[in-house]
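Student:
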Amino acid sequence: MSESTTVDILRALFAHAAWGNRAVLEGLRTSPGSDAASIEQFAHVLAAESVWLTRLRGVPQAIAVWPSLTLDECGALLEGNVAGFAEYLDGGATALEREVTYTNSAGRTFTDRASNILLHVALHGSYHRGMVSSLTRRSGGAPAPTDFIAYVRGAPTATRADAERAVR
451 MSESTTVDIL
461 RALFAHAAWG
471 NRAVLEGLRT
481 SPGSDAASIE
491 QFAHVLAAES
501 VWLTRLRGVP
511 QAIAVWPSLT
521 LDECGALLEG
531 NVAGFAEYLD
541 GGATALEREV
551 TYTNSAGRTF
561 TDRASNILLH
571 VALHGSYHRG
581 MVSSLTRRSG
591 GAPAPTDFIA
601 YVRGAPTATR
611 ADAERAVR
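Mapping of the sequence shown onto the numbering used here: position 148 corresponds to residue 598, and the numbering continues sequentially without gaps.
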């Protein structure tokens, strides 16, 4: 993959993450299935993004990895993360090639390439947005669709109920 392609792919993944996080936030604000566990998972997504951003910037971590946040605090953190990752990606291929040394939440020190960290952040967010969806559904709510293809299409993906109706 060319360096410019990598930057473009990461920009697309972070645009999707911003869209997905905003959709989850709106869903948590309006869904009757917004329980404490759903909000805790979502706060973790945003806090982890923030922690990785501080590691990329080489500054001290400002938030716990599993914080207790209100939805308004989640919204503020979300927008700060969006701006921070956009700024980081503006550094282009040079920023992606950097080796980043950091200490994880268990106290272990690692050195990883920035591009791998950014890919991890995008994938980690997708995983936990899925967890939020599952928790929201189990609590009686309707989760926000956050699949990448839904973002690209601008339309939600088919649901399980849609698929079951189609085979009848």
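Note that the Cβ used here is the ideal one computed from N, Cα and C, for glycine as well.
Within the chosen definition, does the stretch 474-490 reach the stretch 603-617 through at least 3 CB pairs nearer than 8 Å?
Tutor: no
Student: Give every residue of the same chain whose Cβ lies closer than 6 Å to the Cβ of residue 461, excluding the five residues on either side of it in the sequence, and list them in chain order.
Tutor: The residue given as residue 461 occupies position 11 in the sequence shown. Excluding residues within five positions, the ones whose Cβ falls inside 6 Å are 539.
Student: Kindly provide the ranges of any alpha helix (DSSP H) runs that are 4 or more residues long and lie completely inside the stretch 503-585, ordered along the chain.
Tutor: Entirely contained in the stretch 503-585, the alpha helix (DSSP H) runs reaching 4 residues are, in chain order, 521-539 and 542-547.
Student: Using the C-alpha atoms, what's the distance from residue 618 back to residue 576?
Tutor: By 1-based counting over the sequence shown, the position of residue 576 is 126. By 1-based counting over the sequence shown, the position of residue 618 is 168. About 31 Å.
Student: Does the structure place the stretch 522-531 close enough to the stretch 549-558 that three or more beta carbon pairs sit under 8 Å?
Tutor: Between the stretch 549-558 and the stretch 522-531, the count of Cβ pairs shorter than 8 Å is below three; the stretches do not touch.
Student: What separation, rounded to the nearest whole angstrom, lies between the Cα atoms of residue 456 and residue 590?
Tutor: Here residue 456 refers to the residue found at position 6 when the sequence shown is read from its first residue. Here residue 590 refers to the residue found at position 140 when the sequence shown is read from its first residue. Residue 456 and residue 590 have their C-alpha atoms spaced approximately 39 Å apart.
Student: Measure the alpha-carbon distance for residue 588 versus residue 581 and round it to whole angstroms.
Tutor: If you number the sequence shown from 1, residue 588 lands on position 138. If you number the sequence shown from 1, residue 581 lands on position 131. So the two alpha carbons sit approximately 11 Å from each other.
Student: Cβ of residue 532 within 7 Å of Cβ of residue 468?
Tutor: Sequence index remark: in the sequence shown, residue 532 carries index 82 (1-based). Sequence index remark: in the sequence shown, residue 468 carries index 18 (1-based). Yes; because the gap between Cβ atoms is below 7 Å, this pair is in contact.
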